[in-house]
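Presented below is the structure to which this report refers.
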Amino acid sequence: MLSTASPPHFLGASRFDQSGDSSFRDSVASENTYQSFPSAAPLPRFLGAARFNEGGDPSFRDSVASQNTYQSFPSVGNSSVYGLNTTATQPAGAEPSEYRDDPRDSEFHGDGPGGAESPHYLAEKRSAYPAPRAKSKRALIIFGSIAAAVVVIAAIVVPVYFTVVKPKSSNNNNNNNPSATGPASPTSTATSGGLVVVTGGDGSKITTQDGTTFTYNNPFGGTWYWDPNDPFNNNAQVNSWTPPLNQTFQFGITRIFGVNLGGWLTTEPVGTYPRRAPALYEKYQGTTPQAVDEWTLSEAMAADTAGGGLSQLETHYQTFITEQDFADIAGAGLNFVRIPLPYWAIETRDNEPFLAKTCWKYFLLAIQWARKYGIRINLDLHALPGSQNGWNHSGKLGSVNVLNGPMGLANSQRSLDYIRIIAEFISQPEYRDVVVMFGITNEPQGTMVGQDALSRYYYQAYQNVRQASGTGEGNGAYVSFHDGFLGLSKWAGFLPNADRIALDDHPYICFGGQSDSPMSSYAQTPCTTWGSTLNTSMGAFGLSAAGEFSNAVTDCGLWVNGVGLGTRYEGTYPGSWPVVGNCTPWTDWQTWDATMKTGIMNFALASMDALQNWFFWTWKIGNSSASGVVESPQWSYSLGLQNGWMPKDPRTASGTCADQNIWSPPLQPWQTGGAGAGQIPASVSQEYAWPPATISNAGAVTLLPSYTPTGTIATLPPPTFIVTSGKSVATASAGNGWQNALDNAGEMVGIATCSYLDPWIGPSAAPPSPLCSSGAAARAVPEPMMTPAPRAS
Numbered sequence: 025m026l027s028t029a030s031p032p033h034f035l036g037a038s039r040f041d042q043s044g045d046s047s048f049r050d051s052v053a054s055e056n057t058y059q060s061f062p063s064a065a066p067l068p069r070f071l072g073a074a075r076f077n078e079g080g081d082p083s084f085r086d087s088v089a090s091q092n093t094y095q096s097f098p099s100v101g102n103s104s105v106y107g108l109n110t111t112a113t114q115p116a117g118a119e120p121s122e123y124r125d126d127p128r129d130s131e132f133h134g135d136g137p138g139g140a141e142s143p144h145y146l147a148e149k150r151s152a153y154p155a156p157r158a159k160s161k162r163a164l165i166i167f168g169s170i171a172a173a174v175v176v177i178a179a180i181v182v183p184v185y186f187t188v189v190k191p192k193s194s195n196n197n198n199n200n201n202p203s204a205t206g207p208a209s210p211t212s213t214a215t216s217g218g219l220v221v222v223t224g225g226d227g228s229k230i231t232t233q234d235g236t237t238f239t240y241n242n243p244f245g246g247t248w249y250w251d252p253n254d255p256f257n258n259n260a261q262v263n264s265w266t267p268p269l270n271q272t273f274q275f276g277i278t279r280i281f282g283v284n285l286g287g288w289l290t291t292e293p294v295g296t297y298p299r300r301a302p303a304l305y306e307k308y309q310g311t312t313p314q315a316v317d318e319w320t321l322s323e324a325m326a327a328d329t330a331g332g333g334l335s336q337l338e339t340h341y342q343t344f345i346t347e348q349d350f351a352d353i354a355g356a357g358l359n360f361v362r363i364p365l366p367y368w369a370i371e372t373r374d375n376e377p378f379l380a381k382t383c384w385k386y387f388l389l390a391i392q393w394a395r396k397y398g399i400r401i402n403l404d405l406h407a408l409p410g411s412q413n414g415w416n417h418s419g420k421l422g423s424v425n426v427l428n429g430p431m432g433l434a435n436s437q438r439s440l441d442y443i444r445i446i447a448e449f450i451s452q453p454e455y456r457d458v459v460v461m462f463g464i465t466n467e468p469q470g471t472m473v474g475q476d477a478l479s480r481y482y483y484q485a486y487q488n489v490r491q492a493s494g495t496g497e498g499n500g501a502y503v504s505f506h507d508g509f510l511g512l513s514k515w516a517g518f519l520p521n522a523d524r525i526a527l528d529d530h531p532y533i534c535f536g537g538q539s540d541s542p543m544s545s546y547a548q549t550p551c552t553t554w555g556s557t558l559n560t561s562m563g564a565f566g567l568s569a570a571g572e573f574s575n576a577v578t579d580c581g582l583w584v585n586g587v588g589l590g591t592r593y594e595g596t597y598p599g600s601w602p603v604v605g606n607c608t609p610w611t612d613w614q615t616w617d618a619t620m621k622t623g624i625m626n627f628a629l630a631s632m633d634a635l636q637n638w639f640f641w642t643w644k645i646g647n648s649s650a651s652g653v654v655e656s657p658q659w660s661y662s663l664g665l666q667n668g669w670m671p672k673d674p675r676t677a678s679g680t681c682a683d684q685n686i687w688s689p690p691l692q693p694w695q696t697g698g699a700g701a702g703q704i705p706a707s708v709s710q711e712y713a714w715p716p717a718t719i720s721n722a723g724a725v726t727l728l729p730s731y732t733p734t735g736t737i738a739t740l741p742p743p744t745f746i747v748t749s750g751k752s753v754a755t756a757s758a759g760n761g762w763q764n765a766l767d768n769a770g771e772m773v774g775i776a777t778c779s780y781l782d783p784w785i786g787p788s789a790a791p792p793s794p795l796c797s798s799g800a801a802a803r804a805v806p807e808p809m810m811t812p813a814p815r816a817s
């Protein structure tokens, strides 16, 4: 009998009689296969080929399979189901051999003249049908001939498929086309260097671009897929319960099991120790300036020409996170990564010391690796010009200068431009099925800037994203808003009917009051502390997720609070903090016993169950260069996997929080891009019109420096892929970095006759007076106005 797994890709075209009879054929494919598969199952890869008549006739074949069942499936008019069998050895004008799938025929495997058959679908046919009983010596001869011919055919037929047919259909994969789900068994394609494996599952061998190899370990049914001649193929599936990239992720139904790639493209002291280089920050603790954030780190590195200068950051990008990390993330049962990205991935201005544009190249690699392993990305804009929160991970430790202080408006205008630039890139069809969430601003200080100003900023950012992407399911990413530390409940009902928005919460318990209670006492703390809050928000707002959380219940760990700032637990953090205890038992993970590991495991499981949709912070904490080991172990997912305090399968967390009254799906239709999506009431649009009338710690916007949209837009460059087809070599189309050509406003830049402060000046500075020479002030701050409605898809 047939396998009950996903339907083989070659089945379906032969379900009906060939003469126009709409009844099922007397075959296994007709009688058994599709009776058990839901209508939403992936379509056969070559089914469309059977829709047309033979001999180049472009009209539909007279069959139900051609005319009724899959009329929307793209196909090739000059081929047919007989393409499974070679015709190379047939006399000119001869009819092609019959396609056979009758289980009563010993030759139903589809062998063609001379015993040849299509190697690309052979593995799938064999996995779906039982091996036929040998009835004669002729059958043995046929199968012997098949084995001899497969190598030859693989070098001819498969390259044609992957370099001619597949590239044509792969453009549709980016529109959530479920027809191209990749095979689980290893498949090869030919390149100028020989056969290269392009897909495989658990136990398959991976060869990376630099030639290193490793074994793919994924016990959850994941299938990787990477064909260099088809670089935007979305066939990969990270695990059996998460849809492949060429199908829609069902937010609110399929849970987000994610992990942050913290400290990679946006560095910060707690998580930036690369594996094969000296610790970035520790190296510059005795220098002037002392490295406490990426600003001072960049200055110290730039001055250290003998030590490699600023290029040390690129070495960090190259080594801290690699392709194998993505493979390991997939193998851990996770399905998402959240990648913090700084604004200097796009550009820097004036005296900003950051290494500009370089980390963008590695974000493009992240997209490539995520695509290969079926992982979806939440891109988080983690650092904004002037700093949105004054913390080290925003680029510069110190003051808040976004929506706050005299440069609060100008920095916000610039930040909104960067959101727009990123949105235009990730909304392109080549990327939108991989980068499916966009966290527009990480951890803004909502309590400082005020919810009104933050809400207006969020709404303008939302408009910028939807202007780039259009509205409706499949058009661009979910727009994720951090709660600004105001609490999830403060955002209930925000932007009714908005198209695919999400609320981001970062529930940490380690930065408040400290306790010396044992780890075992925290087993249900996440359930009682976070569970009901997230459940309520899923109903009152919509999709709500924990963009960050960790296993830490104390603030112990090297530089968890910042370089040289000590810990609350030991009473060394600035302010009046009592001494609770010594941090060593919380950081010396090599001595942890089974009780401690079990306690952390129970806390992790409770956190995952309570939060429902989550991103652990972080995947990796590198070794300290001083001690040679990880100094903040409760923040590292991978270290926990290796040492037994993180679950091998995150699904085991389900049910940890007893009687939690988990929110029941689905989300409202507009919340997932369905009916009504984007139809925000006009009264709401007016309520949140940009800019706000005032900026906190600065006053009326009309009295503050502002920018004007007259600059040249800084578009993001796409990757370059060289595609080989036969003797021809070409560069694959990777988009031009800008999805909506009608979005043609200039970039926000200064007005030549106006005065500006340093973007990082702080709220205590007074704005320039006068702001501009005669006539310029009127152009500097436009009247608040509604942004035009985003274009429809």
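Numbering (the numbering used here), first residue to last: 25 to 817. All residues carry an ideal CB built from backbone N, CA and C; glycine is no exception.
Could you tell me whether any Cβ in chain D is nearer than 9 Å to the Cβ of Thr591?
The chain inventory of the structure shown lacks chain D, comprising one protein chain alone.
If distances are taken between C-alpha atoms only, which option among Gln763, Gly224, Gln548 and Asp226 comes closest to Asn501?
In the sequence as presented, Asn is not what sits at residue 501; that position holds Ala. Ala501 has its Cα closest to that of Gln763, out of Gln763, Gly224, Gln548 and Asp226.
Reducing DSSP to helix, strand and coil, say where Thr552 ends up.
It is helical.
Residue from Ser423, Gly605, Gly398 and Val424 whose Cα sits closest to the Cα of Asp457
For the residues Ser423, Gly605, Gly398 and Val424, the minimum Cα distance to Asp457 belongs to Gly398.
Under DSSP, the alpha helix (DSSP H) around Leu388 begins and ends at which residues?
Thr382 to Tyr397
Mapping DSSP to helix, strand and coil, what is Ser720?
strand
Under DSSP, the alpha helix (DSSP H) around Asn435 begins and ends at which residues?
Gly432 to Ile450
The alpha helix (DSSP H) that contains Thr312, what's its start and end?
Note, Thr312: premise wrong, no alpha helix (DSSP H); not H, not E.
For Phe281, collect the residues of the same chain with a Cβ closer than 6 Å to its Cβ; drop the 5 residues on either side in sequence, then sort them by chain order.
Leu358, Asn359 and Pro674
Measure from the alpha carbon of Ser561 to the alpha carbon of each residue in Trp687, Asp612, Ala434 and Thr223, then state which is nearest.
Trp687
Within its chain, find whatever has a CB closer than 6 Å to the CB of Ala754; leave out the 5 residues flanking it on each side and keep chain order.
Val747
Under a three-way DSSP split, which group does Ser678 fall into?
DSSP, read as helix, strand or coil, puts Ser678 in coil.
Decide yes or no for the touch test of the segment 531–541 against the segment 416–426: beta carbon pairs closer than 8 Å, at least 3 of them.
no
Between the alpha carbons of Ser798 and Ala765, how many angstroms are there, rounded?
In this structure, the straight-line span from the alpha carbon of Ser798 to that of Ala765 is close to 35 Å.
Backbone CA spacing between Trp638 and Gly463 [nearest angstrom]
13 Å
Rounded to whole angstroms, what is the Cα-Cα separation between Gly774 and Thr608?
Going from the Cα of Gly774 to the Cα of Thr608 covers about 51 Å.
Going by the CB atoms, is the gap between Trp613 and Thr578 shorter than 9 Å?
no
Could you give the C-beta distance for Asn488 and Gln703, rounded to a whole number, given that I count them as a contact under 8 Å?
Actually they do not touch by this definition, with Cβ atoms about 18 Å apart.
Drop a sphere of 10 angstroms on the beta-carbon of Ala682, count the other beta-carbons inside from all chains shown, and report buried for 16 or more, exposed for fewer.
exposed
Please classify Arg438: is it buried, with 16 or more other beta-carbons within 10 angstroms of its beta-carbon, or exposed?
With 16 or more Cβ atoms within 10 Å of its Cβ, Arg438 is classed as buried.
Quick one: what's Ile401 bridged to in DSSP?
Val361 and Val459
With 16 other CB atoms within 10 Å as the buried threshold, where does Glu572 fall?
buried
Cβ-based neighbour list, Met461, same chain, cut-off 6 Å, excluding 5 preceding and 5 following
Asn402, Ala501, Tyr502 and Ser504
Is it buried or exposed for Glu711, if we count other Cβ within 10 angstroms and need 16 for buried?
exposed
Express the C-alpha separation of Val283 and Leu289 in angstroms, rounding to a whole number.
15 Å
Indicate whether the contact test is met: 3 or more Cβ pairs, each with one atom in the segment 581–600 and one in the segment 233–250, closer than 8 Å.
no
Alpha carbon of Asn606 to alpha carbon of Phe509, nearest angstrom:
29 Å
Contact between the segment 624–637 and the segment 320–331 (3+ Cβ pairs under 8 Å)
no
Is the segment 687–700 touching the segment 481–499 in the sense that three or more CB pairs, one from each, lie closer than 8 Å?
Touching, yes, given that three or more Cβ pairs across the two stretches are closer than 8 Å.
Determine the closest residue to Glu306 out of Ser651, Lys385, Lys229 and Lys396, with distance taken between C-alpha atoms.
Ser651
Pull up the distance between the alpha-carbon of Val222 and that of Phe350, whole angstroms please.
17 Å
Is the segment 548–556 close to the segment 377–387, with three or more CB pairs under 8 Å?
no
Would you identify the three-state DSSP class for Ser752, choosing helix, strand or coil?
Here Ser752 sits in strand by DSSP.
Where does Thr266 sit, in a helix, a strand or coil, going by DSSP?
coil
Any idea what DSSP makes of Asn425, helix, strand or coil?
Residue state, collapsed to three classes: coil.
Simplified DSSP state of Ser631, which is helix, strand or coil:
helix
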